[in-house]
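So the structure is just underneath, and the comments pick up after that.
There are 2 protein chains.
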Amino acid sequence: MSYEVELKFPVPDLSAFSKKLTDQAVSISLPHEEIDLYLAHPARDFSQTDEALRLRRKGDANFITYKGPKIDAATKTRREIELPLALGPESLASWTALLEAIGFRPVAEVKKSRRKAAVPWQGRRVEACLDEVAGVGTFVEFELIADESQIDAARKCIQSLAQSFGLIQSERRSYLELLLKGK
Amino acid sequence: MSYEVELKFPVPDLSAFSKKLTDQAVSISLPHEEIDLYLAHPARDFSQTDEALRLRRKGDANFITYKGPKIDAATKTRREIELPLALGPESLASWTALLEAIGFRPVAEVKKSRRKAAVPWQGRRVEACLDEVAGVGTFVEFELIADESQIDAARKCIQSLAQSFGLIQSERRSYLELLLKGK
Numbered sequence: 003m004s005y006e007v008e009l010k011f012p013v014p015d016l017s018a019f020s021k022k023l024t025d026q027a028v029s030i031s032l033p034h035e036e037i038d039l040y041l042a043h044p045a046r047d048f049s050q051t052d053e054a055l056r057l058r059r060k061g062d063a064n065f066i067t068y069k070g071p072k073i074d075a076a077t078k079t080r081r082e083i084e085l086p087l088a089l090g091p092e093s094l095a096s097w098t099a100l101l102e103a104i105g106f107r108p109v110a111e112v113k114k115s116r117r118k119a120a121v122p123w124q125g126r127r128v129e130a131c132l133d134e135v136a137g138v139g140t141f142v143e144f145e146l147i148a149d150e151s152q153i154d155a156a157r158k159c160i161q162s163l164a165q166s167f168g169l170i171q172s173e174r175r176s177y178l179e180l181l182l183k184g185k
Numbered sequence: 003m004s005y006e007v008e009l010k011f012p013v014p015d016l017s018a019f020s021k022k023l024t025d026q027a028v029s030i031s032l033p034h035e036e037i038d039l040y041l042a043h044p045a046r047d048f049s050q051t052d053e054a055l056r057l058r059r060k061g062d063a064n065f066i067t068y069k070g071p072k073i074d075a076a077t078k079t080r081r082e083i084e085l086p087l088a089l090g091p092e093s094l095a096s097w098t099a100l101l102e103a104i105g106f107r108p109v110a111e112v113k114k115s116r117r118k119a120a121v122p123w124q125g126r127r128v129e130a131c132l133d134e135v136a137g138v139g140t141f142v143e144f145e146l147i148a149d150e151s152q153i154d155a156a157r158k159c160i161q162s163l164a165q166s167f168g169l170i171q172s173e174r175r176s177y178l179e180l181l182l183k184g185k
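So the protein lines, in turn, are chains A and B. Here the first sequence is numbered in this note's numbering, starting from 3 and rising by one per residue. Here the second sequence is numbered in this note's numbering, starting from 3 and rising by one per residue.
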């Protein structure tokens with residue numbers, strides 16, 4: 003079973019953060035847009051169970067993602083199952099229709115512009131996402147995918163990386179929670 | 003919205019039926035195996051709501067299918083949404099895991115050997131499936147996919163085709179229902 007081990011920080015000045023990365027010879031991708039449609043479960047209150055189900059559009063590519071409850075108090079470590087769907091807007095519309103037919107309901111759409119970088123740290127490559135989230139703010143996320151036995155090591159690795167950038171106060175709430183709170 | 007207009011008949015002697023088709027110069031495909039995993043909804047009793055959600059494996063190909071309630075008393079006409087999933091057994095295992103994570107539960111597996119034929123009738127090509135269903139029996143299904151405005155015409159077309167083969171007493175229950183009833 004794969005877990006997503008993640009820390010997220012509000013970073014008001016993304017260009018200053020970018021410069022720190024490029025100063026370390028880390029290259030940053032061009033921005034791409036991700037549009038996430040979050041769905042409510044027909045019988046569970048995901049905001050109570052701390053789960054999420056979403057459809058993500060990234061250019062022509064589509065994905066479905068399930069996120070399980072966070073398993074610790076410090077990071078955003080959680081089970082994640084992400085699966086590719088057929089390409090294109092028609093596929094996404096059909097998936098929305100199928101999920102609605104079985105009782106799922108669209109809750110909100112989170113749009114962000116994301117740049118990615120692979121940051122070498124303690125012998126690993128930590129994925130960093132530089133996010134401008136519409137209606138929410140600017141953030142940096144650090145992420146490793148880990149097996150159950152590797153979760154602790156992965157957590158320590160990304161905590162130490164974040165500290166090296168002076169990032170201390172992490173944000174455990176999801177972009178969806180932050181968006182809904184702001185409304 | 004697409005509807006599946008379908009009639010199914012128990013046909014004890016499939017080879018005699020096959021011969022009737024080939025006598026009319028209709029070619030029949032080689033058999034392939036379809037393995038359908040039916041899933042129970044976390045909050046709805048699909049046997050009461052007359053819906054179904056299944057994962058289908060057909061060689062290396064995988065599909066998810068939602069079937070809505072039957073909309074008339076005579077045929078098996080119902081809304082159907084079928085979407086392709088990524089290929090291979092690992093993809094199917096991940097899909098099963100995702101659906102289980104959001105509360106769906108495997109109910110039963112229906113295995114069948116299916117041959118297909120496209121039967122010209124009244125200017126349409128009706129899909130005929132010659133099915134040997136493990137633990138259930140042998141059947142012929144006639145099917146057309148129709149828009150809402152075309153449902154009546156499609157129904158009449160396949161009823162007339164079935165009559166031309168002397169098939170009168172249709173079976174409206176699904177293979178899943180027949181399998182569970184026989185257990």
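Heads up, the beta-carbon is just placed ideally off N, CA and C, and yes, glycines get one too.
(message) For B/Ser96, would you say it is in contact with chain E, using Cβ-to-Cβ distances shorter than 7 Å as the test?
(response) Looking for chain E here will not work: the only protein chains present are A and B.
(message) Assuming A/Asp149 is part of the beta strand (DSSP E), what are its boundary residues?
(response) Start and end: 139-149.
(request) With a 10 Å radius around its C-beta and 16 neighbouring C-beta atoms as the bar for buried, classify B/Ala45 as buried or exposed. (result) Residue burial is scored here from C-beta neighbours: B/Ala45 has fewer than 16 other C-beta atoms within 10 angstroms and is therefore classed as exposed.
(request) Give me the Cα-Cα distance between A/Asp149 and A/Leu89, rounded to the nearest whole angstrom. (result) For A/Asp149 and A/Leu89, the distance between alpha carbons rounds to 29 Å.
(message) Are the CB atoms of B/Gly70 and B/Arg58 within a distance shorter than 7 Å?
(response) Using a Cβ distance threshold of 7 Å, B/Arg58 and B/Gly70 do not count as a contacting pair.
(request) Spatial neighbours of A/His34 within its chain, please: CB distance less than 7 Å, with the 5 preceding and 5 following residues excluded, ordered by chain position. (result) By the criterion of a C-beta distance shorter than 7 Å, A/His34 is surrounded in its chain by Lys60, Gly61, Arg116, once the five residues flanking it on both sides are discounted.
(message) Distance cutoff 7 Å, beta carbons only. Does A/Pro71 sit that close to anything in chain B?
(response) Taking Cβ atoms only, chain B never reaches closer than 7 Å to A/Pro71, which makes this a no.
(request) Output the residue ranges of the alpha helix (DSSP H) runs that lie fully inside the segment 39-77 of chain B and measure 4 residues or longer, sorted by chain position. (result) When DSSP assignments are scanned along the segment 39-77 of chain B, the uninterrupted stretches of alpha helix (DSSP H) that are 4 or more residues long and fall wholly within it turn out to be 48-51.
(request) Select from the segment 146-167 of chain B all residues with a C-beta closer than 7 Å to any C-beta belonging to chain A, and list them in chain order. (result) Correct list: empty, as no residue qualifies.
(request) Go ahead and pull the three-state DSSP assignment for A/Ala30. (result) The displayed chain sequence assigns Ile, not Ala, to residue 30 of chain A. Strand.
(message) Please tell me whether, using a cut-off of 6 Å, the distance from the CB of B/Lys158 to the nearest non-hydrogen atom of the ligand FAD is below it.
(response) As presented, the structure is devoid of all ligands, the ligand FAD included, so that no description of it is given.
(request) Report the rounded CA-to-CA distance for A/Gln124 versus A/Phe167, giving the unit in angstroms. (result) Looking at the two C-alpha atoms, the distance is approximately 15 Å.
(request) Whole angstroms is fine: what's the gap from B/Arg174's alpha carbon to B/Leu85's? (result) If I take the Cα positions, the gap works out to 24 Å.
(request) Give the DSSP bridge partners of A/Phe11, in chain order. (result) Answer is A/Val142.
(request) Spatial neighbours of A/Ile73 within its chain, please: CB distance less than 7 Å, with the 5 preceding and 5 following residues excluded, ordered by chain position. (result) The residues are Thr79, Arg80.
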